[in-house]
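**Q** So the first sequence is numbered by my numbering: it starts at 19 and just counts up by one.
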Amino acid sequence: MSTESGRRLRGARLRRGFYRRDARVVAPELLGKLLVRGPVAARIVEVEAYCGSEDPGSHAFRGPTKRNATMFGPPGHLYVYFTYGMHWCANAVCGEDGEGVAVLLRAAVPMRGLDVMRERRPAAKRDLDLLRGPARLCQAFGIDGVSDGADLVTADREVTIVDDGTPPLAAVVGTRIGLTKGADLPWRWCAADEPHVSRRP
DNA sequence: ACCGGGATGTTCT
DNA sequence: GAACATCCCGGTG
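1) My understanding is that alanine 41 touches cysteine 112, with C-beta atoms under 8 angstroms, so please give their C-beta distance in whole angstroms.
2) Using DSSP's beta-bridge definition, name the partner residues of phenylalanine 100.
3) Is DSSP giving leucine 32 helix, strand or coil here?
4) Helix, strand or coil for leucine 49? Go by DSSP, reduced to three states.
5) Looking only at its own chain, which residues have a Cβ that is under 6 angstroms from the Cβ of glutamate 212, when we skip the five neighbours before and after it?
6) For tyrosine 68, which beta-bridge partners are listed by DSSP?
7) Less than 8 angstroms separating the beta-carbons of aspartate 181 and lysine 51?
8) Given a cut-off of 8 angstroms, decide if leucine 96 and alanine 110 are closer than it, judged by their beta-carbon atoms.
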C-alpha cells in the first residue's frame with residue numbers, strides 16, 4: 019500500500035449548483051476534481067461536453083429515450099450508458115432539469131485504491147493505462163448500469179465527485195473523440211502536460 | 001509509434 | 001440491419 023492510498027481523503031462534495039450550469043462551463047472546472055467510489059479515487063484530467071438537443075453528437079439529440087432518461091433528469095446525477103456491446107461510460111448530468119446535458123468523464127489519474135483498479139483491469143499493462151479512456155475508467159471504478167442515475171451530490175450509491183482544494187488545472191481544448199456527428203466541435207478539455215489523458219488534442 | 005481488424009450486444013431506423 | 005461518446009491485440013515500421 020502506498021502512502022497515497024493510506025491517506026485520508028479530504029475534500030467537499032460538489033453541490034447541486036455546481037452541475038446546474040452549461041456543460042461547457044462545468045467540464046473544464048471538473049479537471050482536477052476527485053472522482054470517488056468506495057476505496058477508489060482518481061483526479062479527473064479529461065472530459066467532454068454533450069449539449070442536449072442542439073448537439074448532433076449527443077445521445078440527447080433525438081430527444082428522451084429509455085436509455086438516456088437519466089441525462090434528461092436533474093443535474094448532479096451519474097448517466098451511465100452501455101456501448102459497443104461490452105463497454106460502460108459515465109457522465110455527470112449538468113444543466114437544468116430536462117435539458118439532456120452532460121459531461122463525459124474520459125480519463126483520470128489514479129490516486130487511491132490502485133490495487134483494486136489493477137484487479138478490475140487485468141488488461142492494463144501499466145498503471146498509466148488504468149483510467150485512460152472512458153470505458154477503462156468505468157471498469158477500474160466498477161461502474162456499470164447499476165450506477166446509472168446515482169446521485170453524486172448525496173453519494174447515494176457511493177459515487178461522488180469532491181474538491182480537495184487543488185487549484186484549477188490548466189486546460190487544453192480539442193475536438194471530441196469517436197464521433198461521426200458533431201466531431202468538429204471543440205468540446206473536449208484535457209489537463210495540460212498530463213500523460214494520463216486518452217489522447218492529446 | 002501507428003495502424004487495422006475483431007469482439008460483442010443494445011438501441012434505434 | 002446499421003450504428004455505436006471503445007478497447008485490445010497483433011502486425012509493421
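For every residue, glycine included, the Cβ atom is placed at its ideal position computed from N, Cα and C. Note that the coordinates shown come from a computational prediction; the quantities given were computed from them, not determined experimentally.
**A** According to the structure shown:
1) 5 angstroms
2) Trp106
3) coil
4) coil
5) Val63
6) Ala120
7) yes
8) yes
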